[in-house]
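Enquirer: Here this note's numbering runs 117 ahead of the position in the sequence shown, where the first position is 1.
In this text, a Cβ means the ideal position worked out from N, Cα and C, and glycines have one as well.
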Amino acid sequence: MSKALVIDYEVLFHPSKRHKANALSQFAARDILYECPNCNEERVVTWMFPDVSFEFVDKCCGVKVVLLPKEEE
Ligand SMILES: [Zn+2]
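1. Check for me: the beta strand (DSSP E) holding L184 runs from which residue to which?
2. Consider the Cβ of F166: report whether some Cβ of chain D lies at a distance smaller than 8 Å.
3. Could you name the residues of the same chain whose beta carbon sits closer than 8 Å to that of R147, not counting the 5 residues immediately before and after it, in chain order?
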């Protein structure tokens, strides 16, 4: 297995626009905007529990990526 790539991202919506994600995470979920590390396409993903890192395979180009929690202000 290859190592996941740490990607930069911004928070689009907090809480998420997805009601089911909010229900499951008790409104911790956030919709995240990032760029595919392979082709720079804009991508959106729902991060259910933003206090823990989230590793997944980006369906755009199949790159394994990881979101790391940022320090809250
Ligand atoms: Zn891509």
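Expert: The structure says:
1. What you label residue 184 is simply residue 67 of the sequence shown in a count that begins at 1. Its beta strand (DSSP E) spans residues 181 to 184.
2. Included in the structure is just one protein chain, with no chain D present.
3. Sequence index remark: in the sequence shown, residue 147 carries index 30 (1-based). Around R147: V128, L129, F130, H131, P132, S133, T163, W164, P167.
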